[in-house]
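**Q** Numbering (the numbering used here), first residue to last: 325 to 585. Note that beta-carbon positions come from the ideal geometry of N, C-alpha and C, so glycine has one too. The structure presented is a predicted model; accordingly, all values stated were derived computationally and were not measured.
1) Between the alpha carbons of residue 661 and residue 575, how many angstroms are there, rounded?
2) Buried or exposed: which applies to residue 540, given that a residue is buried once 16 or more other Cβ atoms fall within 10 Å of its Cβ?
3) If you measure between the beta carbons of residue 288 and residue 491, is that distance less than 8 Å?
4) Would residue 554 be called buried (16 or more neighbouring beta carbons within 10 Å of its own) or exposed?
5) In this structure, does DSSP put residue 567 in helix, strand or coil?
6) Could you tell me the boundaries of the alpha helix (DSSP H) in which residue 588 lies?
7) List the endpoints of the continuous alpha helix (DSSP H) containing residue 507.
8) For the candidate residues 476, 428, 460 and 419, whose alpha-carbon lies nearest to that of residue 493?
9) For residue 523, collect the residues of the same chain with a Cβ closer than 7 Å to its Cβ; drop the 5 residues on either side in sequence, then sort them by chain order.
10) Between the C-alpha atoms of residue 519 and residue 417, what's the straight-line distance to the nearest angstrom?
11) In chain order, what are the residue ranges of uninterrupted alpha helix (DSSP H) at least 4 long that sit wholly in the segment 381-468?
12) Can you tell which of 397, 435 and 509 has the C-alpha that lies nearest to the C-alpha of residue 451?
13) Residue 378 to residue 512, Cα distance in whole Å?
14) Could you check which residue in 542, 461 and 486 has the C-alpha nearest to that of residue 572?
15) With 16 other CB atoms within 10 Å as the buried threshold, where does residue 570 fall?
16) Which class does residue 480 belong to by DSSP, given the choice of helix, strand or coil?
17) Please classify residue 422: is it buried, with 16 or more other beta-carbons within 10 angstroms of its beta-carbon, or exposed?
18) Do residue 454 and residue 516 come within 8 Å of each other at the CB atom, strictly closer than that value?
19) Measure from the alpha carbon of residue 393 to the alpha carbon of each residue in 499, 463 and 549, then state which is nearest.
20) Please identify the residue among 543, 471 and 521 whose C-alpha is closest to the C-alpha of residue 425.
21) If the criterion is Cβ atoms closer than 8 Å, does the pair residue 558 and residue 467 meet it?
22) Below 8 Å CB to CB, which residues in the same chain sit around residue 346 once its five sequence neighbours on both sides are set aside?
23) Using a Cβ-Cβ cut-off of 6 Å (strictly less than) and excluding sequence neighbours within five positions of residue 449, which residues of its own chain qualify?
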């Protein structure tokens with residue numbers, strides 16, 4: 325007589341256990357891959373969590389935001405350079421320099437999102453553009469610090485004409501709303517390069533606001549607070565350098581972008 329373990333019911337039980345084990349392994353595999361991001365896409369479209377239409381839509385939005393940022397930064401950079409020559413303001417010069425670097429950042433992000441390509445190109449583009457933006461942060465920050473220190477040592481008293489206030493108010497408004505848009509799109513696409521470009525816009529808005537505040541204080545208190553303008557530039561310069569170094573560390577020491585750690 326056959327043993328109970330060889331009965332049809334036992335065989336069905338073993339078969340079901342085998343399928344259950346395979347299902348558990350598949351589930352565990354999916355759990356291990358639950359954090360797949362836009363930058364970790366593979367050539368197999370079923371493995372990405374971002375649908376094709378979603379990716380194309382927000383990639384176009386990122387590209388258009390970068391073009392808008394390019395136009396804004398170039399315009400205010402030219403205006404700031406003209407104003408800095410007549411005002412001896414470190415902050416205005418820093419805004420002009422940041423505008424030039426911001427234009428480069430916008431070009432880098434536009435290149436990054438010029439199409440909605442999938443696979444191996446996306447992480448490579450992300451790293452290249454993020455690295456370029458990190459370098460511009462360090463360069464512009466270092467130049468801003470150097471110019472501010474020179475003005476402080478020379479005890480240059482900045483001039484604050486009415487035209488300067490108009491430029492600063494306009495640039496603050498444009499950079500502020502531009503930063504909001506870039507930040508929103510960066511979160512949708514989980515892009516570190518676009519996030520860095522948004523931070524650059526936030527710093528530009530902060531610079532404009534800081535100079536506006538220092539201008540009103542300067543007009544109320546006079547030349548006794550002449551160093552305030554240069555101090556604002558010095559502070560923004562340090563933030564730029566620190567963030568640039570932070571971005572380099574993210575790119576170099578973390579294997580995946582933007583899922584860095």
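**A** So, from the listed chains and residues:
1) Residue numbering for the chain in the displayed model covers 325 to 585; residue 661 lies beyond these limits and cannot be assessed.
2) exposed
3) Outside the modelled stretch of the chain, which goes from 325 to 585, sits residue 288, for which no answer is possible.
4) buried
5) helix
6) The structure shown has nothing for residue 588, since the chain only spans 325 to 585.
7) 486-513
8) 419
9) 567
10) 24 Å
11) 414-436
12) 435
13) 9 Å
14) 461
15) exposed
16) coil
17) buried
18) yes
19) 499
20) 521
21) no
22) Here residue 346 scores only 48 on pLDDT, less than 50, and its place in the model should not be relied on; the value that follows carries that caveat. Cβ neighbours of residue 346 beyond the five flanking positions: none.
23) 436
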